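Okay, so the sequence shown: first residue is 62 according to my numbering, each after it adds one. Data first, discussion second: the structure below is written as structure tokens.
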Amino acid sequence: MSSDTPNSVDNPNLVMVSIDSLRADHCGFLGDDRGLTPTMDNLADDGVAYEAAIAPGPQTFSSMPTVFSGRPRPPTTLESFPQDSHWERRLAAIDEHLRHNPTLTERLAARGYETAGVTPNPWTTPAAGFDRGFDIFEDCSTGGSGGWLTSLAERMPGVDTDARPVQLVLNMAAGSEFFAQWETLAAEIQQVRSQLSEPYFLWVFILDTHFPFMPARQHREEGSLLGTYYSAYRSSEPMRGNASGMSDRVRRSVLRSYRDTVRASDAFLGWLRSELAADDPVMIVHADHGESFGDHGNYGHHHREVYEENIHVPYLIANAGETATVSEPTSLSSIPETALSLTTGAFDPTDGSDRLPIATSECGTHRAVRGRRYKYIESDGEGLLFDLADDPAEQENIAGAVPQQVEQLRRRLRQRKHHTTETIEIRRATNKLLANGSL
Numbered sequence: 062m063s064s065d066t067p068n069s070v071d072n073p074n075l076v077m078v079s080i081d082s083l084r085a086d087h088c089g090f091l092g093d094d095r096g097l098t099p100t101m102d103n104l105a106d107d108g109v110a111y112e113a114a115i116a117p118g119p120q121t122f123s124s125m126p127t128v129f130s131g132r133p134r135p136p137t138t139l140e141s142f143p144q145d146s147h148w149e150r151r152l153a154a155i156d157e158h159l160r161h162n163p164t165l166t167e168r169l170a171a172r173g174y175e176t177a178g179v180t181p182n183p184w185t186t187p188a189a190g191f192d193r194g195f196d197i198f199e200d201c202s203t204g205g206s207g208g209w210l211t212s213l214a215e216r217m218p219g220v221d222t223d224a225r226p227v228q229l230v231l232n233m234a235a236g237s238e239f240f241a242q243w244e245t246l247a248a249e250i251q252q253v254r255s256q257l258s259e260p261y262f263l264w265v266f267i268l269d270t271h272f273p274f275m276p277a278r279q280h281r282e283e284g285s286l287l288g289t290y291y292s293a294y295r296s297s298e299p300m301r302g303n304a305s306g307m308s309d310r311v312r313r314s315v316l317r318s319y320r321d322t323v324r325a326s327d328a329f330l331g332w333l334r335s336e337l338a339a340d341d342p343v344m345i346v347h348a349d350h351g352e353s354f355g356d357h358g359n360y361g362h363h364h365r366e367v368y369e370e371n372i373h374v375p376y377l378i379a380n381a382g383e384t385a386t387v388s389e390p391t392s393l394s395s396i397p398e399t400a401l402s403l404t405t406g407a408f409d410p411t412d413g414s415d416r417l418p419i420a421t422s423e424c425g426t427h428r429a430v431r432g433r434r435y436k437y438i439e440s441d442g443e444g445l446l447f448d449l450a451d452d453p454a455e456q457e458n459i460a461g462a463v464p465q466q467v468e469q470l471r472r473r474l475r476q477r478k479h480h481t482t483e484t485i486e487i488r489r490a491t492n493k494l495l496a497n498g499s500l
């Protein structure tokens, strides 16, 4: 019997929350400060907490397609896509991956689940193929209140409203895309839930912890409104990878704003948990990747950053009838199979553990293999090895001292590359046969 065949088990409702750019060390159950995330800590304490969860990549578009498909994305050469802009080519690449790999949503729908998604993230929209399998899909990336702004901009001479910079300004004013706060999604989530029959799968992606870190007033405990705008303005270039650094004053201000957005994200989990209490859902909570604040000289989240601050993420499962702390490395690519096991009563918290999970950049030039103790990074041809037990901040490259560990982890990268290449070749050959009518 296929693992996706409907069965007689009383299937639970499933809710998955994806949180953009949330570092593991800013979550109480994983870090030192349990004051920032009381709801998340409670969910983790009463459920299953994955201490060494690893994102498939350091950016949304290198991570979330794998989270939904369970399959690693092959290194992408965007120039091979015919679309006009880099932005459109990237969306097409994501869509291609999801088109060739059944998504979690499609597999749950095949089990009889009603499915709904709410996302303001522009990399997880229908243009990227993320709506596959959803009965209801709310793309909130354009913002419901921004229509009049677009109309005004269209009447201004020389303004191209389709240009990405113009869209970002309009989105900031409308509170959409990367400027969305979870409160703007609340009514949409309530409306979507009212249309679902049980059992259901509800996916929500929130962006509060994504730069420019602008928490709503009720969540600002460390930063003021003026300080929030100051840090967003002064940190814009380094956080987008266009400058080498920022002053200590700006960095402290940015971190205050970021911690307040972590509080905001935790408040969302509390609200959602209360809102859906009558449905008694299993909750899957994870971040898509982390964020750098000067660690290793980097800021933000960019393709070259596969250090812990960018790929070690929070991941927990609550209300699944299990309480456990999983210390073994676990890739977020395990989420689809884990979610499906939750629908059959066969959930084992350790099934998703991967002795050597891999994180890779979109283009494949930056890769990391994360063991329990050792971590190997290949970046632009350079090999780095870190002993996370003695050097959790990844400051001392010990590749020359323990070559056997380097070879073991490098072999894992070669195996992944070989498997991915083989899979692509089989797919291309199959598509060719289908096109020729041979299958």
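Just so you know, even glycine gets a beta-carbon here, dropped at the ideal spot from N, CA and C. This one's a predicted model, so the numbers in the text were calculated from it and none came from an experiment.
Considering Cα atoms alone, identify which of G96, D102 and L83 is closest to F90.
The residue given as residue 90 occupies position 29 in the sequence shown. That would be D102, whose Cα lies nearest to the Cα of F90.
Cutting at 6 Å between CB atoms, please list the residues of its own chain near E149, excluding the five before and the five after it.
Taking the first residue of the sequence shown as 1, we reach residue 149 at position 88. The answer is none, since no qualifying residue turns up.
Kindly indicate which three-state DSSP category A241 falls into: helix, strand or coil?
Residue mapping note: residue 241 aligns to position 180 of the sequence shown, counting from 1. If DSSP states are grouped into helix, strand and coil, A241 belongs with coil.
Along the chain, where does the beta strand (DSSP E) containing V78 start, and where does it finish?
Here the question's residue 78 lines up with position 17 in the sequence shown. That run of the beta strand (DSSP E) goes L75 to I80.
Identify whether L337 lies in helix, strand or coil by the three-state DSSP scheme.
Locating residue 337 in the sequence shown gives position 276, where the first residue counts as 1. Coil, per DSSP.
In chain order, what residues of the same chain have a beta carbon less than 6 Å from the beta carbon of M307, not counting five sequence neighbours either side?
Position 246 of the sequence shown, counted from the start, is the residue given in the question as residue 307. These residues qualify, in order along the chain: S296 and P299.
What is the DSSP secondary structure of Y437, counted as helix, strand or coil?
One-based indexing of the sequence shown puts residue 437 at position 376. Reduced to three states, the DSSP call for Y437 is strand.
Would a C-beta distance cut-off of 8 Å place Y437 and R471 closer than the cut-off?
Here residue 437 is taken as the residue at index 376 of the sequence shown, counted from 1. Here residue 471 is taken as the residue at index 410 of the sequence shown, counted from 1. Yes, the pair counts as a contact, with Cβ atoms nearer than the cut-off.
Output the distance between the C-alpha atoms of P135 and R95, rounded to the nearest integer angstrom.
The count along the sequence shown starts at 1 and reaches residue 135 at position 74. The count along the sequence shown starts at 1 and reaches residue 95 at position 34. About 38 Å.
One question on the structure: do G284 and S318 come within less than 8 Å of each other, judged by their Cβ atoms?
To locate residue 284, count along the sequence shown from 1; it is residue 223. To locate residue 318, count along the sequence shown from 1; it is residue 257. Yes, Cβ-Cβ distance for G284 and S318 is below 8 Å.
Under 7 Å Cβ to Cβ from A450, same chain only, skipping five residues before and after it: list those, please.
The residue you call residue 450 lines up with position 389 of the sequence shown. Contacts found: R434.
Could you say which of D341, S292 and D196 lies nearest to D309 if we only look at CA atoms?
On the sequence shown, residue 309 is found 248 positions in, with the first residue counted as 1. When only C-alpha atoms are compared, the closest one is S292.
Output needed for R281: all residues of its chain with C-beta closer than 6 Å, excluding positions within five of it in sequence on either side, in chain order.
Position 220 of the sequence shown, counting from 1, holds the residue named residue 281. Same-chain partners within the cutoff: D321.
I'd like to know if the segment 105–118 and the segment 126–133 are in contact, where contact means that at least 3 CB-CB pairs between them fall below 8 Å.
The answer is yes - the segment 126–133 touches the segment 105–118, with three or more Cβ pairs under 8 Å.
Is S402 closer than 8 Å to G131 when the C-beta atoms are compared?
Here residue 131 corresponds to residue number 70 of the sequence shown, with the count starting at 1. Here residue 402 corresponds to residue number 341 of the sequence shown, with the count starting at 1. No, the pair does not count as a contact, with Cβ atoms beyond the cut-off.
Inspect the beta-carbon positions of A171 and D196 and report whether they are closer than 8 Å.
On the sequence shown, position 110 is the one that residue 171 refers to. On the sequence shown, position 135 is the one that residue 196 refers to. The answer is no: Cβ separation not under 8 Å.
Give me the Cα-Cα distance between C201 and G382, rounded to the nearest whole angstrom.
Translated into positions along the sequence shown, residue 201 becomes position 140. Translated into positions along the sequence shown, residue 382 becomes position 321. When rounded, the distance between both Cα atoms is 33 Å.
Alpha carbon to alpha carbon, what distance is there between L337 and V76?
Within the sequence shown, residue 76 is the residue found at index 15, counting from 1. Within the sequence shown, residue 337 is the residue found at index 276, counting from 1. Answer to the nearest angstrom: the Cα atoms are 9 Å apart.
Could you name the residues of the same chain whose beta carbon sits closer than 6 Å to that of N162, not counting the 5 residues immediately before and after it, in chain order?
Numbered from 1 along the sequence shown, position 101 holds the residue referred to as residue 162. Answer for N162: S130 and R132, listed in chain order.
From E439 to Y294, what does the alpha carbon distance come to, in whole angstroms?
What you label residue 439 is simply residue 378 of the sequence shown in a count that begins at 1. What you label residue 294 is simply residue 233 of the sequence shown in a count that begins at 1. Each residue's Cα considered, the two are about 33 Å apart.
Hey, out of T384, L257 and F142, whose CA is closest to E175's CA?
The residue you call residue 175 lines up with position 114 of the sequence shown. The residue with the shortest Cα to Cα distance from E175 is L257.
Should D452 be labelled buried (16 or more other beta-carbon atoms within 10 Å of its own) or exposed?
Position 391 of the sequence shown, counting from 1, holds the residue named residue 452. Burial call: exposed.
Which class does D156 belong to by DSSP, given the choice of helix, strand or coil?
By 1-based counting over the sequence shown, the position of residue 156 is 95. D156 falls in the helix class under three-state DSSP.
Could you spell out the range, first to last residue, of the alpha helix (DSSP H) harbouring G288?
For the purposes of this step, residue 288 is taken as the residue at position 227 of the sequence shown. Where G288 is concerned, the enclosing alpha helix (DSSP H) stretches over L286 to R295.
Within a Cβ cutoff of 6 Å, which residues of the same chain sit near A188, ignoring the five residues on either side of it in sequence?
To locate residue 188, count along the sequence shown from 1; it is residue 127. Contacts found: L152.
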